[in-house]
Amino acid sequence: MKHEEEKRQLYNRQEYVVGVETQAKYGSTDVLVVGACGLGAEIVKNLALTGVRSIKIMDSGTAILQDLGTNFFLTPQDVGQPRADVVARRAQELNRFVHITAVTSPLHEVIPDVHVVVFVNQRTTALVGENALARKHDVKFVACESRGIVGCVFVDAGPSFSVLDPDGEETVSCIVTSVSRDGVVSLHEDKKHECEVGSHIFFTGVVSPAAVNADIDPSTIHGRCQSAASPLLKLFEVAEVISPFILRLKDFEAAVGNSPIEVGTGAYLHTTKRHVLMGFKDLEQSVADPTFVSIFDSEEKVNAPATLHALFRALHDHGTLPTTPTEVNSLLNLAEAYHSSCNSGHLDVEFSKKALSVIHGNLNPMACLIAGIASQEVLKVCSGKFTPIQQWLYYDARELLVARGEVAEADLRPPSPTGSRYDKQIAVLGAAFQSYLSKQRAFIIGAGALGCELIKNAACMGFGGISITDMDSIEISNLSRQFLFRNSHIGQHKSRVAGEAAMAINHDLHVTSFVEKVSVETEGIFNEAFWDSHAVVLNALDNVQSRKYVDSRCLFYKKPLFESGTLGTKCNVQCIIPYCTESYSSSHDPPEKAIPLCTLKNFPNAIEHTIQWARDNFHVLFTNTPEEVNSYLQDPTTFAANLERDPATKTMALKAVRDALLRWPMDAADCVRIARRLYHEYFSDAFRQLLYNIPIDKRNENGELFWSGAKKPPTPQEFSPDSELSMSFVYHCAYLLACVYGLPPFTLSRADVARVAGETSVPEFVPRQAVFATSEAEKEESVANLAAEIGLQDLPPVSEFHGRRMVPEFFEKDDPTNHHVEYITACSNMRAVAYNIPPADVHHTKRIAGKIIPAMVTTTALVTGLVGLEVLKRLLMTQRQERSGMPANAVPTYEEIQKQLSIYRNAFVNIALPFIAFSDPIIASGATYPLPDGTSVRWGIWDRIDVNEGRDLTVQELVTVLESRYQVELFIIALASGKIIYSQFGNTKDRVKPVSTVVLEKGEQLQDGEDCCCLVATGSISDVDVDIPVIRYRFRNF
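The numbering used here puts the first residue of the sequence shown at 8, with every later residue one more than the last.
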């Protein structure tokens, strides 16, 4: 694989966030990082994975044992070695395309050779001379600090900085339904234009006057943020927003003149990105007159930035960290003076004291959070992509100290170092907590980008052990974010490699790796004993279904779950705490919006529709049909029996198998002929049939033309060997046909393919009577039903094929040599051209077809830092509970729940803007029911009814136990699958059988290692229907 192609594969997920042009800017950027502490190491890691051109690391210090608590590059064997050298050497392993070196030259010699300089854990407000030096050489300047429970980031992008894309959101393409001469544009109501007054738009596909259209390659529109400064675009300014689907353009009448206006069926309006010019003060001015980024959090933090700014100024002027009460008081007095000089109100002295009491410590999660933000600022100022911080960002995690407990006056003095790698964390959270943490175990589900960060953080923080599970194997596209993996690991299981990497970071960490999915099928592996052995659960999953299942297990076993996710520059954190908060499933992410079937099959109007059609076509042609053919050739009787189980698809499956067998190719030329005929079937005959049944001049009942708005009439396509698009489809289709029919490797040149395809005859179109659904409510006659009924007897005999088998192709988006994405691109674009939809390139098609989630390592690092802070809060509080004699999962009082809710922080971040917001988690719902005996019971989502009577009860005995113990009248008891084992209204024969026997008779599996089964029940208390908690029934190993 060529270097450029390997880079494209490596940065693939990131390019979907920032675009090819911005990625190229990263690749030509040189960065100097001053400081190789844990925070600096995280920044180096983030920038190396992102793909800047070079990173120079400047740090004159040597590695010490205490560095290992935040610097994952270092090992005990590195103690005493030059810290910059070790970090540079280890970081180089992350990305061979980034040149990483340690430098010892004076700062004034190095800064002129870089584009951005980052100062890490230096005295930021005192770096006035360094900032002036950077400005002198037009070098962008970023500084950041992580100290105890507080952190800050400062940015100076120069006196005039152009932001090319302020928010990173994709531009919008809308179907144009009409345009008036005075510039009123009406759009189809399937998509809002999202414009405001002053926005600029451009058109494509307008029939007349054609001069209003942009001179742009249509395939470059999708997935790219078109700049309003592009000379290729004929731009119109929005003068008025009339509605989300109607707007008026400025000076449109002058642009069209006397030309007739005809929109046609292929007209689109496209939005653009507006450039923003920003001015930044130099450090000296900004220190005295600061501008803060607002972080939306609790009311007590409203004035926190001003307090922290004054505190950091005083700290930097002091020169060293305070070690005595006298120094602390002196520093506070200086901070108050600084605060008064540029702010109204008063310095928050109490919080300042608490922050100073742990300022000499350092936390791995805080370093990850600040590094994620600072790294993204470096990328912003070198590319103009996204809005930089202007100019100070301060963050504090004061809730950690509340979770830890009150800080005594004596704690203002730094604790005596213990000679431990965790000394910096002990300085914040205490030695007793560190000892407690070393006995705790975390379950990390997923070893992808989020998982790698969480695993690394758990190792650095000093957990006693972690369990990791992930079914996936390592691919090249993983390496740009999943930094625990190397090129040599490609093809190996993620969980096992990540586990080995975690133990290399911290030899004291006990790791257990699994390759099983956490699901109903593996409840014998992830059983009660397994869940009970873990203190916290950390989700690093990428789909709603798996998240909901893990959420249900955490509810059942009363385990705290820390849920997080990323999407490009956006990320979120949700804390799910037993008895306190709602669960993930209470308000989970919405499912992906489905494309209506009639739109997909007959009336596409967006490139997403044609890509999905092509992806489905790939599956039918190259995966499903070969599997069905093999099933028939292997055992026709079983094949027929399987078809009878799904009568709705029987005829269609038989037709596909018959066609595949009858056209079995003998060589590559035969594959080209088949591909040519498929081209004719898909892009000519199918459209002619549609237009035969629904003519261009057809009108709806209201008199409007049927083919209008989002319903675009297709244009039947004629094959031409000179057409790049036609040839692309035939070539890639023929290549894949050769693969699935087990022929020798396809070696025909494109010229050979063009010649054979041009000589291939295709049948004349003969219209048939058919019914096409024009809405979701209508039923469409299947393609199979358009032909005569097909039976098993119509298939060629198995004996004719002499043991031959097809070779199914399973879609793999990340293999650039398999022709999968290329085929889908060609297939989609043929359909798009026919429907007057702007086509898409391979890059955009791959994202849609492969359902790729755009990702950046900076966002991932940031969000896992936030997760780490929340995990520490949970464990700090459970430690205090256990020390007071209460079990960790004791049911808290309402007052305790309210206090915990104010400590935990759910978070949403859009690092592109930047926007950071925190909120209290939502309290767990529940209901209180009065009981017949005068008492009451409250049941919520965290409650569970445990039944362990020392033996396997009969169903009737179980009912009696539940009804007498909980004063409830039961209607139904069912398994989690919905199969009923007891009904008040019948099914009496099962009542005398043991519960486990009935469960087995219902077809459920009682797995080894699982001694309980989950039951759900419905019933009432005093004639009031109640939500009965899930029932955990123990049937063995009492």
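All residues carry an ideal CB built from backbone N, CA and C; glycine is no exception.
Of the candidates Arg-154, Glu-956, Gly-941 and Leu-242, the residue whose Cα lies closest to the Cα of Ile-223 is Leu-242. Beta-bridge partners of Thr-967 (DSSP): none assigned. Using a Cβ distance threshold of 9 angstroms, Cys-582 and Arg-912 count as a contacting pair. When secondary structure is reduced to three states using DSSP, Cys-151 falls in the strand class. Its Cα nearest to that of Pro-166, the residue Gln-292 stands out among Gly-326, Ala-841, Cys-159 and Gln-292.
Taking 8 angstroms as the upper bound for CB-CB distance, Val-123 and Cys-389 are in contact here, some 5 angstroms apart. Scanning its chain for C-beta atoms nearer than 8 angstroms, with the 5 sequence neighbours on each side dropped, one finds around Asn-612 the residues Ile-182, His-195, Asp-197, Thr-606, Ala-717, Lys-718, Lys-719, Tyr-842 and Ile-844, in chain order. The secondary-structure analysis by DSSP pairs Thr-961 across a beta bridge with Pro-1001. Here Leu-240 carries a coil assignment [DSSP, helix/strand/coil].
Pairing Leu-938 with Ile-1028 gives a Cβ-Cβ distance under 9 angstroms.
In the DSSP annotation of this structure, the continuous segment of the alpha helix (DSSP H) that includes Met-510 starts and ends at 501 to 512. Within the segment 555 to 639, the runs of beta strand (DSSP E) at least 3 residues long that lie entirely inside it are, in chain order, 568 to 574 and 577 to 583. Residue pairing by DSSP puts Val-543 in a beta bridge opposite Ala-449. By the neighbour-count definition (other C-beta atoms within 10 Å, threshold 16), Val-1031 is an exposed residue. With contacts defined as CB atoms closer than 9 angstroms, Ser-474 and Phe-563 fail to qualify as a contacting pair.
Asp-666 and Ala-847 have their C-alpha atoms roughly 31 angstroms apart.
Secondary structure of Glu-771 (DSSP, three-state): coil. Contact between Phe-80 and Cys-467 is absent: CB atoms are separated by about 11 angstroms, not below the 8 angstroms threshold. If you draw a 10 Å sphere on the C-beta of Asp-145, you find fewer than 16 other C-beta atoms in it, and that means exposed. Inter-segment contact for the segment 1018 to 1025 and the segment 964 to 981 is present: three or more beta-carbon pairs are separated by less than 8 angstroms.
Residue pairing from DSSP places Gly-993 in a beta bridge opposite Ser-990. As the crow flies, the alpha-carbon of Asn-19 is around 13 angstroms from that of Thr-29. In the three-state DSSP reduction, Gly-472 falls in the strand class (E or B). Between the beta-carbon of Ala-381 and that of Val-149 there is about 6 angstroms, and that keeps the pair under the 8 angstroms contact cut. By the Cβ criterion, the segment 817 to 834 is in contact with the segment 617 to 632, since at least three pairs of Cβ atoms, one from each stretch, lie closer than 8 angstroms. Taking the CA atoms as reference points, Pro-332 sits about 29 angstroms from Gln-886. Between Ile-396 and Val-356, the alpha-carbon positions lie close to 27 angstroms from each other.
Between Arg-1039 and Asp-953, the C-beta gap is smaller than 9 angstroms, which places the two residues in contact. The beta carbon of Met-863 lies closer than 6 angstroms to those of Gln-21 and Val-24 in the same chain, with the five residues before and after it left out. The beta carbon of Phe-629 is closer than 6 angstroms to those of Leu-743, Val-747 and Glu-816 in its chain, skipping five residues each way along the sequence.
For Leu-39, the three-state secondary structure derived from DSSP is strand. Between the segment 43 to 59 and the segment 86 to 101, the count of Cβ pairs shorter than 8 angstroms is three or higher; the stretches touch.
Between Gly-993 and Pro-372 the beta-carbon gap is near 56 angstroms, outside 8 angstroms, which marks them as no contact. Closest in alpha carbon position to Pro-728, among Phe-694, Arg-405 and Tyr-686, is Tyr-686. For Ser-835, the enclosing alpha helix (DSSP H) begins and ends at 827 to 841.
Taking the CA atoms as reference points, Glu-307 sits about 44 angstroms from Ile-253.
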